[in-house]
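Enquirer:
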Amino acid sequence: MNKKIEKGLVVFSVFTLTFLVIFSMMYYVTKNTTYLTILMCTPAISVILSKLVCRDRLNDLYLKPKLKSNLKWYLVAYFLTPFIAFSGAVIYFLIFKDEFNPLNSRYAIEAGIGNWKEYISSLAILIPLAILVNPLMGILQCFGEELAWRSYLLPRLSKRYSIRIAILINGVIWGIWHSPIIAMGYNYGTEHRILGIFAMILFCVVLGVISSYLFYKTESVWCSVLFHASINGMDKWAPSSMFMSKDANMFIGPDLLGIIGGMGFIVTAVIAFAKLKDMKTYHEQ
Numbered sequence: 002m003n004k005k006i007e008k009g010l011v012v013f014s015v016f017t018l019t020f021l022v023i024f025s026m027m028y029y030v031t032k033n034t035t036y037l038t039i040l041m042c043t044p045a046i047s048v049i050l051s052k053l054v055c056r057d058r059l060n061d062l063y064l065k066p067k068l069k070s071n072l073k074w075y076l077v078a079y080f081l082t083p084f085i086a087f088s089g090a091v092i093y094f095l096i097f098k099d100e101f102n103p104l105n106s107r108y109a110i111e112a113g114i115g116n117w118k119e120y121i122s123s124l125a126i127l128i129p130l131a132i133l134v135n136p137l138m139g140i141l142q143c144f145g146e147e148l149a150w151r152s153y154l155l156p157r158l159s160k161r162y163s164i165r166i167a168i169l170i171n172g173v174i175w176g177i178w179h180s181p182i183i184a185m186g187y188n189y190g191t192e193h194r195i196l197g198i199f200a201m202i203l204f205c206v207v208l209g210v211i212s213s214y215l216f217y218k219t220e221s222v223w224c225s226v227l228f229h230a231s232i233n234g235m236d237k238w239a240p241s242s243m244f245m246s247k248d249a250n251m252f253i254g255p256d257l258l259g260i261i262g263g264m265g266f267i268v269t270a271v272i273a274f275a276k277l278k279d280m281k282t283y284h285e286q
């Protein structure tokens with residue numbers, strides 16, 4: 002890694018941390034999630050600012066979609082992701098059968114659903130619409146993160162470390178970046194703040210492996226953006242709200258943040274990580 006790259010990473014880190022402190026504090030004071038939405042966009046802003054400060058070119062961020070040669074990967078990232086996520090919920094409810102109570106779930110109560118026919122009919126409309134529409138609502142924020150962590154930071158880490166080690170480091174950094182918000186109780190609550198931070202780091206490492214695999218397969222940031230957006234789109238129809246009458250244990254499941262709820266992604270990440278062994282990346286060519 003040459004001095005120019007090192008300087009760029011230092012400047013990028015300064016901008017990223019500055020934005021993180023500012024918007025984390027604003028969220029802490031106001032509890033307004035709009036600041037979190039803005040925060041998700043700031044890593045990309047940090048990339049652009051660091052390149053301007055360092056007088057670095059902007060055309061090495063893998064912004065070309067290369068859709069024609071990678072259409073199958075875009076379809077996988079967009080449409081298969083929710084099913085992988087829900088596979089963990091299936092495993093959870095097979096283990097904890099007594100917690101499966103859809104007709105008394107928060108979703109059923111809020112929708113005024115009183116029987117199985119209404120419930121199934123409602124899901125038959127809701128789930129396809131959610132899969133198609135929800136990810137589109139988060140494209141900008143997910144681009145804000147993926148541009149920084151995947152198309153800027155990861156290629157630079159891979160110049161110093163092996164591709165596998167670079168991806169793991171990248172995932173850990175991504176998770177640590179979330180730690181101020183997690184410490185405030187976001188995602189995992191306030192009872193186990195430290196454990197929540199470690200859980201989020203693990204979650205980011207797992208998703209980071211998959212996202213990085215898609216990035217390297219397509220040589221474009223956009224497939225990773227779609228994958229990220231598809232995951233975030235599930236916030237509006239989490240398994241706990243659809244199928245349970247009580248709050249979920251966020252460390253266990255059935256939501257994807259839990260170790261069992263996220264089992265589909267864990268298995269997918271292990272497979273992707275294994276395939277990376279034989280992948281000759283374009284950064285090495």
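Counting from 2, one number per residue, gives the positions in the sequence shown under our numbering.
Note that CB positions come from ideal geometry on N, CA and C, so glycine has one too.
1. Please report how far the alpha carbon of Leu-50 lies from the alpha carbon of Arg-157, in whole angstroms.
2. Between the beta-carbon of Ala-184 and the beta-carbon of Ile-198, is there less than 8 angstroms?
3. In the segment 172 to 228, which residue ranges form an unbroken alpha helix (DSSP H) of at least 4 residues, counting only runs that do not cross its ends?
4. Give me the Cα-Cα distance between His-229 and Asn-3, rounded to the nearest whole angstrom.
5. Rounded C-beta distance between Ser-25 and Pro-255? I'm assuming under 8 angstroms.
6. Of the residues Tyr-75, Met-264, Ser-241 and Gly-234, which one's Cα is nearest the Cα of Val-134?
7. Taking a contact to mean a Cβ-Cβ separation below 8 angstroms, would you say Cys-42 touches Gly-145 in this structure?
8. Buried or exposed: where does Phe-16 fall if 16 or more other Cβ atoms within 10 Å of its Cβ makes it buried?
9. When you compare only the Cα positions, how much space is there between Ile-128 and Val-54?
10. Rounded to a whole number of angstroms, what is the C-alpha to C-alpha distance between Asn-250 and Ile-202?
11. Output needed for Thr-282: all residues of its chain with C-beta closer than 6 angstroms, excluding positions within five of it in sequence on either side, in chain order.
12. In the DSSP output, which residue or residues are listed as bridge partners for Gly-254?
13. So what's Ala-239 in DSSP terms, helix, strand or just coil?
14. Closest to Ile-232 by C-alpha separation, out of Ile-253, Ser-221, Val-207 and Phe-244, would be which residue?
15. Consult DSSP for Gly-113 and reduce its assignment to one of helix, strand or coil.
16. Give a yes or no on whether the C-beta atoms belonging to Gly-259 and Ile-267 are separated by under 8 angstroms.
17. Using alpha carbons as the reference points, say which of Ile-211, Glu-111, Thr-34 and Arg-56 lies closest to Gly-186.
18. Beta-carbon separation of Leu-21 and Leu-37 under 8 angstroms?
19. What did DSSP end up calling Leu-64 once you bin it into helix, strand or coil?
20. So the alpha helix (DSSP H) Glu-146 belongs to, where does it begin and stop?
21. If we count Cβ pairs, one from each stretch, closer than 8 angstroms, do we get three or more for the segment 111 to 130 versus the segment 271 to 280?
22. Could you check the C-alpha separation between Trp-74 and Leu-215 for me, to the nearest Å?
23. Whose C-alpha, out of Tyr-189, Asp-236, Ile-168 and Leu-148, is nearest the C-alpha of Val-222?
24. Could you check if Trp-178 is buried or exposed, using at least 16 other CB atoms within 10 Å of its CB as the buried criterion?
25. Can you look up Gly-263 in the DSSP assignment and give me helix, strand or coil?
Expert: To lay it out plainly:
1. Sequence index remark: in the sequence shown, residue 50 carries index 49 (1-based). Sequence index remark: in the sequence shown, residue 157 carries index 156 (1-based). Spanning the two alpha carbons is a distance of roughly 17 angstroms.
2. Taking the sequence shown and counting its residues from 1, the one referred to as residue 184 is at position 183. Taking the sequence shown and counting its residues from 1, the one referred to as residue 198 is at position 197. In this structure, Ile-198 lies closer than 8 angstroms to Ala-184 by Cβ.
3. For the segment 172 to 228, whole alpha helix (DSSP H) runs of length 4 or above, ordered along the chain, are 180 to 184 and 194 to 219.
4. What you label residue 229 is simply residue 228 of the sequence shown in a count that begins at 1. What you label residue 3 is simply residue 2 of the sequence shown in a count that begins at 1. Cα-Cα distance, rounded: 31 angstroms.
5. Within the sequence shown, residue 25 is the residue found at index 24, counting from 1. Within the sequence shown, residue 255 is the residue found at index 254, counting from 1. Between Ser-25 and Pro-255 a beta carbon distance of about 29 angstroms is seen, past the 8 angstroms cut, so the two are scored as non-contacting.
6. Position 133 of the sequence shown holds residue 134. Among Tyr-75, Met-264, Ser-241 and Gly-234, the Cα nearest to that of Val-134 is on Gly-234.
7. In the sequence shown, counting from the first residue as 1, residue 42 sits at position 41. In the sequence shown, counting from the first residue as 1, residue 145 sits at position 144. Yes, the Cβ-Cβ distance between Cys-42 and Gly-145 is below 8 angstroms.
8. As a working note, residue 16 is residue 15 in the sequence shown. With 16 or more other Cβ atoms within 10 Å, it is buried.
9. What you label residue 128 is simply residue 127 of the sequence shown in a count that begins at 1. What you label residue 54 is simply residue 53 of the sequence shown in a count that begins at 1. Rounded to whole angstroms, the separation of the alpha carbons of Val-54 and Ile-128 is 45 angstroms.
10. For the purposes of this step, residue 250 is taken as residue 249 along the sequence shown, with counting starting at 1. For the purposes of this step, residue 202 is taken as residue 201 along the sequence shown, with counting starting at 1. The alpha-carbon atoms of Asn-250 and Ile-202 are separated by roughly 17 angstroms.
11. Looking up residue 282 in the sequence shown gives position 281. The pLDDT assigned to Thr-282 is 48, lower than 50, so where the model puts this residue is not dependable, and the model offers no usable value.
12. For the purposes of this step, residue 254 is taken as the residue at position 253 of the sequence shown. Per DSSP, Asn-250.
13. On the sequence shown, residue 239 is found 238 positions in, with the first residue counted as 1. Residue state, collapsed to three classes: coil.
14. Along the sequence shown, one-based indexing puts residue 232 at 231. Checking every option, the nearest Cα to that of Ile-232 belongs to Val-207.
15. The residue you call residue 113 lines up with position 112 of the sequence shown. In this structure, Gly-113 counts as coil in the three-state DSSP scheme.
16. In the sequence shown, the residue the question calls residue 259 occupies position 258. In the sequence shown, the residue the question calls residue 267 occupies position 266. No, these two residues do not count as a Cβ contact at 8 angstroms.
17. Against the sequence shown, residue 186 aligns to sequence position 185. Of Ile-211, Glu-111, Thr-34 and Arg-56, the smallest CA-CA separation from Gly-186 is found for Thr-34.
18. Looking up residue 21 in the sequence shown gives position 20. Looking up residue 37 in the sequence shown gives position 36. No, the pair does not count as a contact, with Cβ atoms beyond the cut-off.
19. By one-based count along the sequence shown, residue 64 stands at place 63. Three-state result, Leu-64: coil.
20. Stepping through the sequence shown from its first residue, residue 146 is reached at position 145. Segment 140 to 147, the alpha helix (DSSP H) holding Glu-146.
21. No, because fewer than three Cβ pairs between the segment 111 to 130 and the segment 271 to 280 fall closer than 8 angstroms, the two stretches do not touch.
22. Sequence index remark: in the sequence shown, residue 74 carries index 73 (1-based). Sequence index remark: in the sequence shown, residue 215 carries index 214 (1-based). Take the alpha-carbon of Trp-74 and the one of Leu-215: they are about 7 angstroms apart.
23. Here residue 222 refers to the residue found at position 221 of the sequence shown. Nearest option by C-alpha distance: Leu-148.
24. By 1-based counting over the sequence shown, the position of residue 178 is 177. Classification of Trp-178: buried, given that the 10 Å Cβ count is 16 or more.
25. In the sequence shown, counting from the first residue as 1, residue 263 sits at position 262. DSSP places Gly-263 in the coil class of the three-state scheme, outside both helix and strand.
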